[in-house]
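Visitor: Residue numbers for the first sequence follow the working numbering, so the first one is 872 and each next one is one higher.
Have a look at this one.
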Amino acid sequence: MNKIYTIYKKLYETYGAQGWWPFINYDGVNRAKKGVNRGYHVLDYTFPRNSDEVFEVCTGSILTQNTTFSSVVKSLENLNSKKSLTANGIESMDIQELKTAIKPSGYYNQKAEYILEFIKFYKGLNGAIPTREELLNIKGIGEETADSILLYGYNQLQFKVDAYTKRVLTELGLIDKKAKYHEIKLLMESSLKEAVEDKKDLLVIYQEYHALIVNHAKEFYSKKPYGQGCFLKDI
DNA sequence: AACCAGGACGTGA
DNA sequence: TCACGTCATGGT
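So, in C-alpha cells, the structure goes:
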C-alpha cells in the first residue's frame, strides 16, 4: 500500500463516488438529483452508452481546457439545444453559430477549430478506439485532453493528470514542482497498478481518482496558501 | 477589481 | 528542451 493509493482511499472514504464524467442527456437512476447533480451517474459505470455519449466526452474534454466544467456545461447545452451535440451536427453548423454556442467556455475561436479538427479524425475512426498517439497528433489535443478522452470516453486505462493533481502532489512533497506530465502520470499509474489487487478495479479507480482530486483540490488547493486544513498531509 | 480556472500552441533562445 | 506570451469568458 503506497502513498498514492492511500490518498485515493482517504479521498474516497471522505467524498464517495463522484460519477464522473457527467452527461448532458443523462436520464438514468440519479435523475432524482437533478438540479444538484444533474448529469452525474454515481456508481453507474456503464458509460458512455453509445457513440453520441462518446462524442460528448470528446467535445467536453476539449472545451474544458483551462476552464471550469460548469461553463462547459453551458456550451454543451447550447449545442444540445440545437440538436448539434454530434459530429455531423457540429460539422453542419455555421462556423459562427458554433463559436457562439461554445462561447461560455472561453477561447472559442481556437476551440471551434480544435473541435472541427477532432471531428475529421473522429469520423475516420468509424467507431474504433483511437490510440493516444493519434489523439496527440490532432491540433488542440494535448496530453491531458487525450487522456481525458481515452479514460472517460473510451474507458481506457490512462490516468488523467491535471493542474490540481500536480499541485496536490507537489504540496504533499510527493513530486517535484518541475515534474512533467508524463512523470506524474507514470507515478499515478505505476503506484495504483502495484497496490490494487484486482486489476479490473483499476479503470474505475482511475476515473474516480481524478474526480476526487478535483473535488478535494477545489476546497483545499484553489487559494493560497495551498493545503490549509488538508487532511492528506498526515500520511 | 484583480485574479485565475480541471490547457495547448507558437515562438525564440 | 524550456520559458513565456497568447487565447477569452465567467466566477469570486
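Using N, Cα and C, we set each Cβ at its ideal position, and we do this for glycine too.
In the DSSP assignment, find the unbroken alpha helix (DSSP H) run with residue 959 in it and report its ends.
Guide: 958-962
Visitor: Between which residues of its own chain and residue 970 is the CB-CB distance below 8 Å, once the five residues before and five after are set aside?
Guide: 979, 980 and 983
Visitor: Return yes when the Cβ of residue 932 is within less than 8 Å of the Cβ of residue 1019, no when it is not.
Guide: Result yes, Cβ atoms of residue 1019 and residue 932 sit closer than 8 Å.
Visitor: Please tell me whether residue 1078 and residue 1022 are closer than 8 Å, where the distance is taken between their beta carbons.
Guide: Yes; because the gap between Cβ atoms is below 8 Å, this pair is in contact.
Visitor: Using 8 Å as the threshold, is the C-beta distance between residue 1012 and residue 989 below it?
Guide: Their beta carbons are under 8 Å apart, which means residue 1012 touches residue 989 by this criterion.
Visitor: How many angstroms separate the CA atom of residue 961 from the CA atom of residue 991?
Guide: 11 Å
Visitor: Could you give the DSSP three-state label for residue 1109: helix, strand or coil?
Guide: Outside the shown range of the chain, which is 872 to 1106, sits residue 1109, and nothing can be said about it.
Visitor: Take the Cβ of residue 1024 as the centre, count every other Cβ of all protein chains shown within 10 Å, and call the residue buried at 16 or more, exposed below.
Guide: If you draw a 10 Å sphere on the C-beta of residue 1024, you find 16 or more other C-beta atoms in it, and that means buried.
Visitor: Between residue 976 and the rest of its own chain, which residues show a CB-CB distance below 8 Å, the 5 nearest in sequence each way excluded?
Guide: 934, 935, 938, 942, 943, 945, 946 and 982
Visitor: Alpha carbon to alpha carbon, what distance is there between residue 1095 and residue 987?
Guide: In this structure, the alpha-carbon of residue 987 lies about 38 Å from that of residue 1095.
Visitor: Would you tell me roughly how many angstroms separate the C-alpha atoms of residue 1098 and residue 1087, rounded to the nearest one?
Guide: 10 Å
Visitor: Is the beta carbon of residue 1082 closer than 8 Å to that of residue 891?
Guide: yes
Visitor: Check for me: the alpha helix (DSSP H) holding residue 881 runs from which residue to which?
Guide: Its alpha helix (DSSP H) spans residues 874-886.
Visitor: Under 7 Å Cβ to Cβ from residue 1058, same chain only, skipping five residues before and after it: list those, please.
Guide: Only 875 and 1046 meet the Cβ criterion.
Visitor: Along the chain, where does the alpha helix (DSSP H) that runs through residue 1054 open and close?
Guide: Counting along the chain, the unbroken alpha helix (DSSP H) around residue 1054 starts and ends at 1052-1066.
Visitor: Which word fits residue 999, buried or exposed, when buried means at least 16 other C-beta atoms lie within 10 angstroms of its C-beta?
Guide: Taking a 10 Å sphere around the C-beta of residue 999, we find fewer than 16 other C-beta atoms and assign the residue as exposed.
Visitor: Work out the CA separation of residue 1064 and residue 1075 for me, nearest whole Å.
Guide: C-alpha of residue 1075 to C-alpha of residue 1064: approximately 12 Å in a straight line.
Visitor: Among residues of its own chain, excluding the 5 on either side of residue 886, which ones have a beta-carbon nearer than 8 Å to its beta-carbon?
Guide: These residues qualify, in order along the chain: 1083, 1086 and 1087.
Visitor: If the criterion is Cβ atoms closer than 8 Å, does the pair residue 877 and residue 926 meet it?
Guide: no
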